[in-house]
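Each residue of the sequence shown is one higher than the one before, starting from 58 at the first, in the numbering used here.
Virtual Cβ for every residue (Gly too), placed ideally from N, Cα, C.
Step one of this worksheet: look at the structure below.
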Amino acid sequence: MQNKKPSGARQGTPVPRIIKKYPNRRLYDTDTSTYITLAEVRHLVMDSEPFVVRDAKTNEDLTRSILLQIILEAEAGGAPMFTEAVLANIIRFYGNAMQGFMGTYLEKNVQAFMDLQTKMSEQAKGLTPEMLAQLMNMQSPMMQGMMGSYVEQSKSMFVQMQEQMRKQTEQMLGAFGLKR
Numbered sequence: 058m059q060n061k062k063p064s065g066a067r068q069g070t071p072v073p074r075i076i077k078k079y080p081n082r083r084l085y086d087t088d089t090s091t092y093i094t095l096a097e098v099r100h101l102v103m104d105s106e107p108f109v110v111r112d113a114k115t116n117e118d119l120t121r122s123i124l125l126q127i128i129l130e131a132e133a134g135g136a137p138m139f140t141e142a143v144l145a146n147i148i149r150f151y152g153n154a155m156q157g158f159m160g161t162y163l164e165k166n167v168q169a170f171m172d173l174q175t176k177m178s179e180q181a182k183g184l185t186p187e188m189l190a191q192l193m194n195m196q197s198p199m200m201q202g203m204m205g206s207y208v209e210q211s212k213s214m215f216v217q218m219q220e221q222m223r224k225q226t227e228q229m230l231g232a233f234g235l236k237r
């Protein structure tokens, strides 16, 4: 699946692939002029290929719903990532004053974890299975350092989120003429 770039595209700026979703639930890749499956859309995600899914009639952006559908299929596939408790807690944040903060916190935390995974992959290149097992051992000083860095980033993001909430609360109280 090659991503063709229009001749007017700026160098280095990825042009998102357009996937059209038809009423019959079929997905049409305008880049390859073929119908594709949800599994193929998952491959685009895995390959970090930029894309957007649009309703063929209304042009409404359906990307989020397709991504959620991919997650739902993966969760139902036998090796779920989220426990029922985690899912219930996520649901509880919808409509909560913390909803916006939670989304940002999760996004930054997942990105920090992805950065950690990339760093680990780079350091594991060329290692034998025995050496890799030693690296993955939580007693390894290098592993402790990387995990410590991740935990610190997560803690820092949480503290920033709390500070942002405090400031917004003070602004809101100030708008009502109430001071702390």
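Identity of the residue in the options nearest residue i by Cα
| i | options | result |
| --- | --- | --- |
| Asn81 | Thr87, Val72, Tyr92 | Tyr92 |
| Leu124 | Thr94, Lys182, Val72 | Thr94 |
| Ser211 | Tyr162, Phe108, Met171 | Tyr162 |
| Thr70 | Ser178, Pro107, Asp88, Thr87 | Pro107 |
| Met118 | Lys182, Tyr79, Asp88, Val208 | The sequence given here has Asp at residue 118, not Met. Selected option, being the one with the closest Cα: Tyr79. |
| Gly134 | Ala96, Glu227, Asn146 | Ala96 |
| Phe72 | Thr185, Ser90, Val109 | According to the sequence displayed, residue 72 carries Val and not Phe. When only C-alpha atoms are compared, the closest one is Val109. |
| Arg111 | Ser105, Thr87, Gly234 | Thr87 |
Close Cβ partners of residue i (< 6 Å) along its chain, the five nearest in sequence each way excluded
| i | result |
| --- | --- |
| Val102 | none |
Residues bridged to residue i [DSSP beta-bridge criterion]
| i | result |
| --- | --- |
| Lys224 | Per DSSP, none; premise fails for Lys224. |
| Leu84 | Lys78, Ile93 |
| Phe108 | Arg74 |
| Asp118 | Arg111 |
Whole-angstrom C-beta distance between residue j and residue i, which should lie under 8 Å
| i | j | result |
| --- | --- | --- |
| Ile75 | Leu84 | Not confirmed; about 11 Å, so no contact. |
| Glu132 | Met138 | 7 Å |
Same chain, Cβ closer than 8 Å to residue i, five either side skipped, listed in chain order
| i | result |
| --- | --- |
| Phe215 | Tyr162 |
| Ile127 | Leu95, Val98, Arg99, Val102 |
| Ala113 | Lys77, Lys78, Tyr79, Pro80, Tyr85 |
| Leu144 | none |
| Phe233 | none |
Contacts around residue i, its chain only, beta-carbon distance under 7 Å, and the 5 residues preceding and following it disregarded
| i | result |
| --- | --- |
| Thr140 | none |
| Met159 | Phe150 |
| Lys165 | Met214 |
* **Any 3 or more C-beta pairs closer than 8 Å across the segment 152-172 and the segment 207-226** => Touching, per the Cβ criterion.
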